[in-house]
Each structure stands twice: as C-alpha cells, then as structure tokens.
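To start, the structure itself, in structure tokens.
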Amino acid sequence: MADTTTPRQKRINDDSSVHQASPEEMSIQKHYLLLAYSTYCSSVILDGDLTSCPICDVFDGITLIKTFKSSFYDTNAMVIRDDKRKEVVAVFQGTFTLRGWIADLGALQIPYPAMKGAQVHKGFYENYMEVANDLTAVVLDQAEKYPDYTIATTGNRHSLGGASSMFCAMDLFQRGVPAEKLRLYTQGGPRIGNKAFAEYVLSTKVPVTRLINKLDGGPHISSPDFVHPGQEYWIQSDSFTRVCANGLESEKCSDSMEPLALSAYDHIR
C-alpha cells in the first residue's frame, strides 16, 4: 500500500515533541473559542443573557453566573457554570474598545508580585486587576458549591482576552485552587511576560493551551524578552493543526514564522 503521508506529517512523526491535533483535541479548542467569542454579543455582557446570542445556541447545560465590566480599561468578562462538562469557566473578552486598546499599548514592564525577577506587561496586568477580586470571588464561590467541578479560564481575539485569562489562572492558583483542577485556554493571546514569568507559569503545573491561527501576528508582537509558556496548537490550514509540547514556545510551531509573514487578518478571524 502506498505511503500517503505528507512530508510535513512525516517531519511531525519524527519528532516526539510535535504531533498533529486530533479531531477530539480540536473539538475542545473550538468549544473554548466559541465561549470566548460569545462575550462579543452585547446581550451577554450588558444584559447577562446567553439566550439571545446566536453563538450560544451550541452550548448545552451552561448557566451564566455573573458578568463584569470595569471602568477604566473597560475589562469585560463573565463567569459561567457548565453542568454538562462539570466546569466553572472565567471568560474574558478581547480588545474591543478604545480603552481596551489603551491597555494593549501600556507596554511598560512591571514586576509580577508572585515571582521574583518576573516582569509582565503593565497594561495587561492592570486590565485584569480591575476585575480580579470580584471575579475570583465568584469563581471560588462556585468551586466551593461544586467541589467536583474543574475550573477553566479562557479569552481570545486581539490581546486582552488571552492576557487576562492567563493572569486569572495564575491568580486562582495563588488563591489556593490546585493545579490539577485548573485549565487555561487562550486563542491568539499575546506574550505577557519575560522568561522568568513564563517559567513560573510552567512551574505551577497548571495546564496551559495556546491556539494560534495561521500567520496571526498578535501572539508575536511584544517586548523582545517576553516568552510564551504552554502547549501550542498552531492552525496551519483548515485540516491541519500542529501541536508543540508543553514548555517555553518552540520554533517548531508559530515562532518559526518570519516577522514579515505575520498577518493582522489572521488575528481577527
């Protein structure tokens, strides 16, 4: 029987740290992608109504617990409970307003309190901190009421959603949620901290998954010393997604792209 494996697939098969995403893996990624996209429906954040959002028709067994909207950076988020998946999820909207873009542009580095030597993006961190106490209180309350549920954070599109969801996952870990109960899913998220921060994220053992779309430039625009942590799912075509193993970002995935090849179009799709 003829070998129909493509050269790209052969290279992946020769490297144990890289594999092609299975349909099951991509189904999980799509679920959290749609959850994050649902925050762009005005009825969700403004009215706390999941029933009027067309995207939300695919969800089954989900209850919207509370929405959050801050004043300065216009941070928008919600906490939902998924009784079908037995999970509580903090969902963050990405950059969507002028004040959100101000947070994106606040690229000064500041110390990250939980780890000596760790530096993070000032605007992203301050954006998350606007809702941190209120949002984590709701998540922890749900975790106490449903002790067998896992806890996930997710956010996408432009920069703020992915950045906030990562800060939230680390915040929940620091507030006592065990790593084995936490999950983090970002889509098109930016680099938000230096190598010391990325290594701290990895040291917590919280599972981190980053989804990157084709030539998306958003995840690669940052301070030169910033680094992504976690497992990367790099969509290269509608039928092929490369997965690079958990760790610091790898040149075997999207970091292999030349800067001039990066695309703003793939960032907003």
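For the sequence shown, counting from 1, position 100 maps to 100 in full-length UniProt numbering; every step adds exactly one. The C-beta atom is built at its ideal place from N, Cα and C for all residues, glycine as well. Here the structure is a predicted model, which means the values were calculated and not measured.
Leaving aside the five residues that flank methionine 115 on each side, the residues in its chain whose CB is nearer than 8 Å to its CB run, in chain order, Ala196, Phe197 and Tyr200. Nearest in C-alpha terms to isoleucine 151, of all of Thr136, Tyr73 and Cys253, is Thr136.
Isoleucine 110 has its alpha-carbon roughly 36 Å from the corresponding atom of lysine 86. Of the residues Pro54, Asp74 and Leu140, the one whose Cα lies closest to the Cα of leucine 182 is Leu140. Residue burial annotation: proline 224 is exposed, with fewer than 16 other C-beta atoms found within 10 angstroms of its C-beta.
In the three-state DSSP reduction, alanine 114 falls in the coil class, being neither helix nor strand. In the three-state scheme derived from DSSP, where H, G and I count as helix and E and B as strand, cysteine 168 is classed as helix. In this structure, phenylalanine 72 sits away from glycine 162, with a CB-CB distance that is not shorter than 9 Å.
Taking C-beta atoms under 8 Å as the contact rule, threonine 75 and glutamate 130 qualify, at a distance of about 5 Å. Rounded to the nearest whole angstrom, the CA to CA distance from methionine 170 to lysine 66 is 21 Å. Counting along the chain, glutamate 249 sits inside no beta strand (DSSP E), nor does DSSP assign it H or E at all. In the structure shown, isoleucine 235 adopts extended strand secondary structure according to DSSP, grouped into three states. Nearest Cα to alanine 179 within the set Asn127, Leu215, Pro207 and Gly247: Pro207.
Here the alpha carbons of tyrosine 40 and arginine 191 stand approximately 22 Å from one another. For threonine 51, no pairing in a beta bridge is given by DSSP.
Between glycine 193 and valine 138, the gap from beta carbon to beta carbon reaches 9 Å or more. Valine 177 sits in coil when the DSSP states are folded into three classes, being neither helix nor strand. The beta carbon of tyrosine 128 sits closer than 6 Å to the beta carbons of Ser164 and Phe167 from its chain, once the five residues preceding and following it are set aside; these are given in chain order. Per DSSP, reduced to three states, the secondary structure at threonine 75 is coil, with no helix or strand assignment. Between the alpha carbons of alanine 143 and isoleucine 28 lies a distance of about 21 Å.
According to DSSP, residue pairing for threonine 186 in a beta bridge involves Gly155 and Arg210.
Here isoleucine 62 is bridged, per DSSP, to Asp82. A distance below 8 Å between beta-carbons, with the five flanking residues on each side excluded, links aspartate 83 to the following residues of its chain, in chain order: Gly61, Ile62 and Thr63.
Selection Pro113, Gly117 and Ser38 evaluated against valine 79 yields Ser38 as nearest (Cα-Cα).
In the DSSP assignment, glutamate 87 is bridged to Asp82 and Thr150. The secondary-structure analysis by DSSP pairs valine 243 across a beta bridge with His19 and Tyr233. The beta-bridge partner set that DSSP reports for asparagine 194 consists of Phe226. One Cα belongs to threonine 241, the other to glutamine 20, and the distance between them is close to 6 Å.
The Cβ neighbour count for proline 113, taken over all protein chains shown within 10 Å, is under 16; the residue is labelled exposed.
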